[in-house]
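A quick write-up on the structure given underneath.
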Amino acid sequence: MNLLALATSITIDLMDLLLGLLIIVGILLGVYLIILLARLGGAVKKLSVLVDEIDGPVTETIKDLPGLMKKVDQVADDVSVLTESARTSVPAVLKDVESMTGSVRGGVDAVGGAAKSIGNSFSSFFRPSRSSGDNHIGAIVEIAKQVMAVVGLFTGRQKKSSKRRTRRK
């Protein structure tokens, strides 16, 4: 017996092989699509639950928006009035501060002059060499003028600010 005689030959047509491979790929693609659609369905379900959860707060917020816009408009109007008031009152305040600074500077100079004059008066009292009573009285009058100017600034400023308060209301 010959071993070669038992050998049989199997022939597969190329079209049958390609058709089999195509069927296997189709089955794999179908399984992949089923898995993909199952995951997509789960994601849509979660998204639906999320939309249902935020539906109430979003609806309430949308209902509150007109009231919030009115409040924002009122705040903007108040800021505009405040800015306008500051624009008109700041120069006056700066002018008052400038005049007060000048008055205080003059007062400090007058107090320094009075101290010098008093020192000279004591010095001349113990060593009478010259008469300086005139300088002493002039320094006291200058200090009184400066004090009155500072007091006048404060009282005049209070009257102006009360007029502004009544106008704002």
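The sequence shown begins at 42 in the working numbering and counts up by one.
Positions of the beta carbon are idealized from the N, C-alpha and C atoms, including for glycine.
query: Compute the Euclidean distance between the alpha carbons of residue 126 and residue 97, then round it to the nearest angstrom.; result: 43 angstroms
query: Specify the secondary structure class of residue 142 as computed by DSSP and reduced to three states.; result: helix
query: Taking the beta carbon of residue 115 as the centre, do at least 16 other beta carbons fall within 10 Å, making it buried, or is it exposed?; result: exposed
query: Determine, using beta-carbon pairs with one atom in the stretch 147-157 and one in the stretch 116-123, whether at least three such pairs fall under 8 angstroms.; result: no
query: If the criterion is Cβ atoms closer than 8 angstroms, does the pair residue 187 and residue 140 meet it?; result: no
query: Cβ of residue 158 within 8 angstroms of Cβ of residue 180?; result: yes
query: Are the CB atoms of residue 182 and residue 148 nearer to each other than 8 angstroms?; result: no
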